[in-house]
Amino acid sequence: MRLRHLLEVDDLSPAELATVLDLADAPRPAPVLHGKGAALLFEKPSARTRNATEMAVVQLGGHPVSLRGEEVGIDVRETAEDLARTLSSYHALIGARVADHGVLERMAAVASVPVVNLLSDRAHPTQALADVLTLRQHYGDLAGRQLAWVGDANNVFRSLSLAATMAGMSVRAACPTGFGPDPDHLDRVRSGGAEVLATTDPGEAVRGADVVVTDVWASMGQEDEADERRRAFAGFMVDEHLMGLAAPEAVFLHCLPAHRGEEVSAGVVDGPRSLVWPEAANRMHAARGLLAFLLGDSPLGGSVAEGSV
Ligand code: CP
Ligand code: NVA
742 MRLRHLLEVD DLSPAELATV LDLADAPRPA PVLHGKGAAL LFEKPSARTR
792 NATEMAVVQL GGHPVSLRGE EVGIDVRETA EDLARTLSSY HALIGARVAD
842 HGVLERMAAV ASVPVVNLLS DRAHPTQALA DVLTLRQHYG DLAGRQLAWV
892 GDANNVFRSL SLAATMAGMS VRAACPTGFG PDPDHLDRVR SGGAEVLATT
942 DPGEAVRGAD VVVTDVWASM GQEDEADERR RAFAGFMVDE HLMGLAAPEA
992 VFLHCLPAHR GEEVSAGVVD GPRSLVWPEA ANRMHAARGL LAFLLGDSPL
1042 GGSVAEGSV
């Protein structure tokens, strides 16, 4: 069976994405990791992703082994390729959060088990799965719904814009000049026939939207740019005024960690339209659905990866 990796959401087809979400909602998943291990490697800090993915592995009958970047020294102590080959010999799955997306591609090229992106500088696909799961639980069918992104067109935006449009939504992104989506990414999202608009006006993006989403202005690894970005993103805070332009029942998402008073006001993130806590909880359910798909006998052909145990 073909080995499947998930480095970005569109490694799945739209039908496969729906299957992953169905598996995430399934109350009693098949123990596809029974007696097997999952290596989870983190080059950057994590609260949600590490805990959600470890617990998803446990719920599928497996044993997670989390590793910090500094203890394995990717491309310092040994190459990413040698590490991927080594971890493949103990584990049924490798998950990795890396500074450089290229490292994931190199690991996936030589691994003999699925490699899952747990966040890179370019993408955060497991977050996007949880976000679309949260929206599907809230709204049901997402076809025709409108998602507004306000802020940096970063890793979270890239994955979410793919996942949302694959689920039938349209996307409008409002980003300061110089921080908007790159044309290649817009082409990639539009290649599936999706409607995507890029603007520098938060009001234009949010007007009538069913969902408003933001993320930090300075991502992990961009700490040195924080002051400059704070200046560039002035006027892009999602606050009560901006939410007031959205549809009357619009909801708010944020992957967390959040900075109240910067990209989002406390009144919005802690307010009645915020779904950030179900969204955070869904990281575990979405991870479980994804691993069940990649490691199980899904009707749509997820691979059966042979663990070493
Ligand atoms: N949303 C998210 O990925 O959180 P962590 O960085 O805490 O894993
Ligand atoms: N864009 C953020 C997401 C954190 C979960 C970052 O990369 O730091």
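Positions in the sequence shown are counted from 1; adding 741 to them yields the working numbering.
A virtual CB, placed ideally from N, CA and C, is assigned to each residue, including glycine.
Bear in mind that the values here come from a model prediction, so they are computed numbers and not experimental data.
Item                                                                                                                      : Value
Residue span of the alpha helix (DSSP H) that contains R877, given as start and end                                       : P866 to Y880
Where W1018 falls, given that 16 or more other Cβ within 10 Å makes a residue buried                                      : exposed
Cβ contact check for the stretch 1009 to 1026 and the stretch 988 to 1001: 3 or more pairs under 8 Å                      : yes
Proximity to A833 [Cα-Cα], best of G881, V773 and D951                                                                    : V773
Extent of the continuous beta strand (DSSP E) to which P805 belongs                                                       : H804 to R809
Contact under 9 Å by Cβ, R948 with N896                                                                                   : no
Segments of 4+ residues assigned as alpha helix (DSSP H) that fall wholly inside the stretch 879 to 920                   : 896 to 907
For V953, the first and last residue of its enclosing beta strand (DSSP E)                                                : V952 to T955
Rounded Cβ spacing between L682 and M910 (contact assumed at less than 8 Å)                                               : Because residue 682 is not part of the residues shown, which for the chain are 742 to 1050, the question remains open.
Span of the alpha helix (DSSP H), counted from its first residue to its last, around H842                                 : H842 to V851
Residue of D872, A780 and P855 minimising C-alpha distance to L828                                                        : A780
Anticipated Cβ contact below 8 Å, E1004 with T955, distance rounded                                                       : 5 Å
Distance CB(A999)-CB(V953) smaller than 9 Å                                                                               : no
Check whether S902 and A914 have beta carbons under 9 Å apart                                                             : yes
Proximity to P786 [Cα-Cα], best of A1028, V839 and E981                                                                   : V839
Cut-off 7 Å between Cβ atoms - residues of its own chain near A1021, not counting five sequence neighbours on either side : R789 and L997
Closer than 8 Å: D841 CB and nearest the ligand NVA heavy atom                                                            : no
Counted within 10 angstroms of its Cβ, other Cβ atoms place V761 as buried (16 or more) or exposed                        : buried
Residue burial classification, H746 (beta-carbon count within 10 angstroms, cutoff 16)                                    : buried
Neighbourhood of A1027 by C-beta, 7 Å cutoff - its chain only, sequence neighbours within 5 removed                       : A765, T867, L870, A871 and L874
Alpha-carbon spacing of V1010 relative to R1001, whole angstroms                                                          : 8 Å
Any non-hydrogen atom of the ligand CP within 8 Å of C996 CB                                                              : yes
Assigned exposure category for P722 - 16 Cβ within 10 Å defines buried                                                    : For residue 722 there is no data in the structure shown, the boundaries of the chain being 742 and 1050.
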